[in-house]
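A.B. asks: Take this structure, written in structure tokens, and hold onto it; I'll ask about it next.
Residue numbers (the numbering used here): 4 to 137.
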């Protein structure tokens, strides 16, 4: 499919939910090495999560999130993606708590915990803007 060609990936799984596409590749290195064609990806109105089992110590899986069709070539750390990635990895890794690494240029760690049909996320954040809605 066109989305796989735009990613330049060799998926071992490709699917989508109501909002985004999810692609699993065979290795963390494949996730790190991706150089997607952002112009081609922009034709898709959804975002694309690419993930693999982590090779780095202390982490369970790695990911990257691309969304040029929604104005974000690559999101540094994507909480909403991890709400999908946690349930995806749960049966594969047979656990419900994960340490995840989003391998963008900035990078970021996300703790993911599943309880029933809920996903809880944790990590560190830096406030860069504050406002008030009236």
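Where is the CB? At the ideal position from N, CA and C, for every residue including glycine.
Note that the coordinates shown come from a computational prediction; the quantities given were computed from them, not determined experimentally.
Comparing alpha-carbon positions, which option in 64, 4, 10, 122 lies nearest residue 96?
C.D. replies: Residue 64 is the option with its Cα nearest to residue 96.
A.B. asks: For the alpha helix (DSSP H) that contains residue 105, what are its first and last residues?
C.D. replies: Taken as a continuous stretch (DSSP letters only), residue 105 belongs to no alpha helix (DSSP H), being part of the beta strand (DSSP E) at 100-105.
A.B. asks: Given a cut-off of 8 Å on the beta-carbon distance, is the pair residue 99 and residue 116 in contact?
C.D. replies: Yes, the Cβ-Cβ distance between residue 99 and residue 116 is below 8 Å.
A.B. asks: What residue range is occupied by the uninterrupted beta strand (DSSP E) comprising residue 14?
C.D. replies: Its beta strand (DSSP E) spans residues 14-19.
A.B. asks: Can you give the beta carbon distance from residue 48 to residue 26, rounded, assuming they're within the 8 Å contact cut?
C.D. replies: Residue 48 to residue 26, Cβ: 17 Å. No contact.
A.B. asks: With the cut-off set at 8 Å, would you say residue 23 and residue 42 are in Cβ contact?
C.D. replies: Not a contact, by the Cβ cut-off of 8 Å.
A.B. asks: Mind checking which residues open and close the alpha helix (DSSP H) that includes residue 111?
C.D. replies: Counting along the chain, residue 111 falls outside any alpha helix (DSSP H), though it belongs to the beta strand (DSSP E) covering 111-118.
A.B. asks: For the beta strand (DSSP E) holding residue 70, just list the boundary residues, first then last.
C.D. replies: Segment 64-70, the beta strand (DSSP E) holding residue 70.
A.B. asks: Would you list the one or two residues that DSSP bridges to residue 52?
C.D. replies: Answer is 25, 68, bridged to residue 52.
A.B. asks: Beta-carbon separation of residue 80 and residue 107 under 8 Å?
C.D. replies: Going by C-beta atoms, residue 80 is nearer than 8 Å to residue 107.
A.B. asks: Roughly how many whole angstroms lie between the Cα atoms of residue 56 and residue 137?
C.D. replies: Cα to Cα, residue 56 sits roughly 44 Å from residue 137.
A.B. asks: Using alpha carbons as the reference points, say which of 10, 19, 102 lies closest to residue 62.
C.D. replies: Of 10, 19, 102, the residue nearest in Cα terms is 102.
A.B. asks: Should residue 16 go down as buried or exposed, given a rule of 16 or more other Cβ atoms within 10 Å for buried?
C.D. replies: Its Cβ having fewer than 16 others within 10 Å, residue 16 is exposed.
A.B. asks: According to DSSP, is residue 124 helix, strand or coil?
C.D. replies: In this structure, residue 124 counts as strand in the three-state DSSP scheme.
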